[in-house]
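Under numbering that gives the first Met the number 0, the first residue of the sequence shown is numbered 0, with each subsequent residue one higher.
Just so it is clear, CB atoms sit at the ideal spot from N, CA and C, and this is done for glycine as well.
Source: prediction; values computed, not measured.
Heads up, the thing below is written out as structure tokens.
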Amino acid sequence: MNSKLAPTDAFPDDLAVLNDTDLQVLHSRLQRQLDHEYAHAFEADPETEFRLADVLEELDHRESSPSSRIPDTAFMPVTFLV
Numbered sequence: 000m001n002s003k004l005a006p007t008d009a010f011p012d013d014l015a016v017l018n019d020t021d022l023q024v025l026h027s028r029l030q031r032q033l034d035h036e037y038a039h040a041f042e043a044d045p046e047t048e049f050r051l052a053d054v055l056e057e058l059d060h061r062e063s064s065p066s067s068r069i070p071d072t073a074f075m076p077v078t079f080l081v
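Shown next, in the form of structure tokens:
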């Protein structure tokens, strides 16, 4: 997997369905892409900026409304019945 998310790469239609970890990974990949664009083209691609703004909006929404968060089931404790 590439560590950046280019403007032409696939992007989720609905960020609300992503769990917190996947959303944070998406944010990191977009931030790396933005850094790359500024370093090489001295400006950001509008698509990268729009995508990053959407992800930041979703992260802010989840922070202000914990009930909207999707749990990361891979990290949830498992209870066994005996």
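{"Check": "Contacting residues, own chain, Cβ-Cβ under 6 Å from A43 (five flanking each side not counted)", "Outcome": "L33 and E36"}
{"Check": "Proximity of E57 and L17 at Cβ, strictly below 9 Å", "Outcome": "yes"}
{"Check": "Where S66 falls: helix, strand or coil (DSSP)", "Outcome": "helix"}
{"Check": "8 Å contact criterion, which L14 and L29 should meet: CB distance rounded", "Outcome": "Rounded, the Cβ-Cβ distance is 11 Å, inconsistent with contact."}
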